[in-house]
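Position 33, counted from 1, in the sequence shown is what full-length UniProt numbering calls 33; the numbers after and before it change by one each time, with no gaps. All residues carry an ideal CB built from backbone N, CA and C; glycine is no exception. The structure displayed is predicted, hence computed values, not measured ones.
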Amino acid sequence: MQMLTENLPVLLPLMVIQLILMATALISLARTKQTRGPKWMWVLLIIFVNTLGPVAYFIFGRSEEG
Numbered sequence: 001m002q003m004l005t006e007n008l009p010v011l012l013p014l015m016v017i018q019l020i021l022m023a024t025a026l027i028s029l030a031r032t033k034q035t036r037g038p039k040w041m042w043v044l045l046i047i048f049v050n051t052l053g054p055v056a057y058f059i060f061g062r063s064e065e066g
């Protein structure tokens, strides 16, 4: 428990950034009509692949028309 409290000042900002990135990606996905690949796949990737999932969606998943 002591290790967690010592590392909390470093972990907390990273967790907040992760949550903001995930929420932004999910909102963008919900508003987008067309994606590269099925939306359910992107939802799973965004939720379960920390940090890299939302980044992958923004780089590869968003369709240029949507």
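Selected residue, minimal CA-CA separation from residue i, among the options
| i | options | result |
| --- | --- | --- |
| arginine 62 | Ile47, Lys39, Thr51, Leu14 | Lys39 |
Residues near residue i by beta carbon distance below 7 Å, same chain, minus five either side
| i | result |
| --- | --- |
| tryptophan 42 | Leu29, Thr35, Tyr57, Gly61 |
Exposure label - residue i; buried when at least 16 CB within 10 Å
| i | result |
| --- | --- |
| alanine 23 | exposed |
| residue 70 | In the structure as shown, the chain starts at 1 and stops at 66, and residue 70 therefore has no counterpart that could be examined. |
| leucine 45 | buried |
| glutamate 6 | exposed |
Residues near residue i in its chain [Cβ-Cβ closer than 8 Å; skip 5 each side]
| i | result |
| --- | --- |
| valine 49 | Ala56 |
| leucine 21 | Thr51, Pro54, Val55 |
| proline 9 | none |
Cut-off 6 Å between Cβ atoms - residues of its own chain near residue i, not counting five sequence neighbours on either side
| i | result |
| --- | --- |
| glycine 66 | Residue placement at glycine 66 is flagged as unreliable, the pLDDT there being 49, under the threshold of 50; the coordinate-derived value follows with that caveat. Counting only Cβ-Cβ distances below 6 Å, and skipping sequence neighbours, we find Thr32, Lys33, Gln34. |
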